[in-house]
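Peer 1: I am attaching a structure below and will ask some questions about it afterwards.
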Amino acid sequence: MPARPTGARLAAVARLEGVCEPCDVIANRLDPWHGAWFHPYSFTQLEVLSAPPVDAGEDADRFLVAVTFRMGRLGVPVIAEFTAPEPRTIVMRIVDGEGTGSVVETHATPMGPGPDGRPRTAVIEAVVAQSDRTGFRHSLRVAPLITPLMRLAAARLWRDDLAYAERRFTLRDNVSG
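Heads up, the sequence shown is in UniProt numbering, so the first residue is 1 and it goes up one at a time.
What follows is the structure, given as structure tokens:
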């Protein structure tokens, strides 16, 4: 796993399950445009700055994206990189802008078949946020109030994303079945 922020940080983990396979979750997360299309309440002004060539080595195997994270009417522009350090893991790291060094790790874990025989996948997402702003340290005192909101925000995004992953699985399953 890539390095996580050290020092003053806030962390939250969200977990949801969907009727799909891990590849459906990963495909959703690696679609750089899905955020602006499916989550206009959270992401805007998305631009893919670079994509890895087919034969990229491990150090160059990343998407680089400029995006504005929305918080209500406010927006925070950042540059983020997306990497896949493991087959069922995507890591988004802010490399420039507010919160540089913050990471979002998304893990797609197969849970086996459900009662209907269809595959279930757990999405486990860890958000580790940091900031160089002086006021950020003060937010740590109210972390017990902030981290549940972070979990709720991640769960809201993943409810939309799991619908995408489940549709992808259903389409593939209908074609092969």
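All residues carry an ideal CB built from backbone N, CA and C; glycine is no exception. Keep in mind that this is a model prediction, so the values were computed, not measured.
Return helix, strand or coil for residue 39, following the three-state DSSP convention.
Peer 2: In the three-state DSSP reduction, residue 39 falls in the coil class, being neither helix nor strand.
Peer 1: Could you name the residues of the same chain whose beta carbon sits closer than 6 angstroms to that of residue 76, not counting the 5 residues immediately before and after it, in chain order?
Peer 2: 69, 98
Peer 1: Who are the Cβ neighbours of residue 4 in its own chain at under 7 angstroms, not counting the five residues just before and after it?
Peer 2: 103, 128
Peer 1: Touch check for the segment 102-120 and the segment 132-139: three-plus C-beta pairs under 8 angstroms?
Peer 2: no
Peer 1: Tell me whether residue 6 is buried or exposed, calling it buried when 16 or more other Cβ atoms sit within 10 Å of its Cβ.
Peer 2: exposed
Peer 1: With DSSP collapsed to three states, give me the class of residue 142.
Peer 2: helix
Peer 1: Do residue 84 and residue 93 have their C-beta atoms within less than 9 angstroms of each other?
Peer 2: No. Outside cutoff.
Peer 1: Taking the alpha carbon of residue 150 as the point to measure from, which residue in 60, 71, 66, 58 has its own alpha carbon closest?
Peer 2: 71
Peer 1: In whole angstroms, give me the CA-to-CA distance for residue 111 and residue 43.
Peer 2: 30 angstroms
Peer 1: Name the DSSP beta bridge partners of residue 67, please?
Peer 2: 78
Peer 1: Measuring alpha carbon to alpha carbon, tell me which residue in 17, 10, 24, 125 is nearest residue 167.
Peer 2: 24
Peer 1: Quick check on DSSP: helix, strand or coil for residue 97?
Peer 2: strand
Peer 1: For residue 50, which beta-bridge partners are listed by DSSP?
Peer 2: 64
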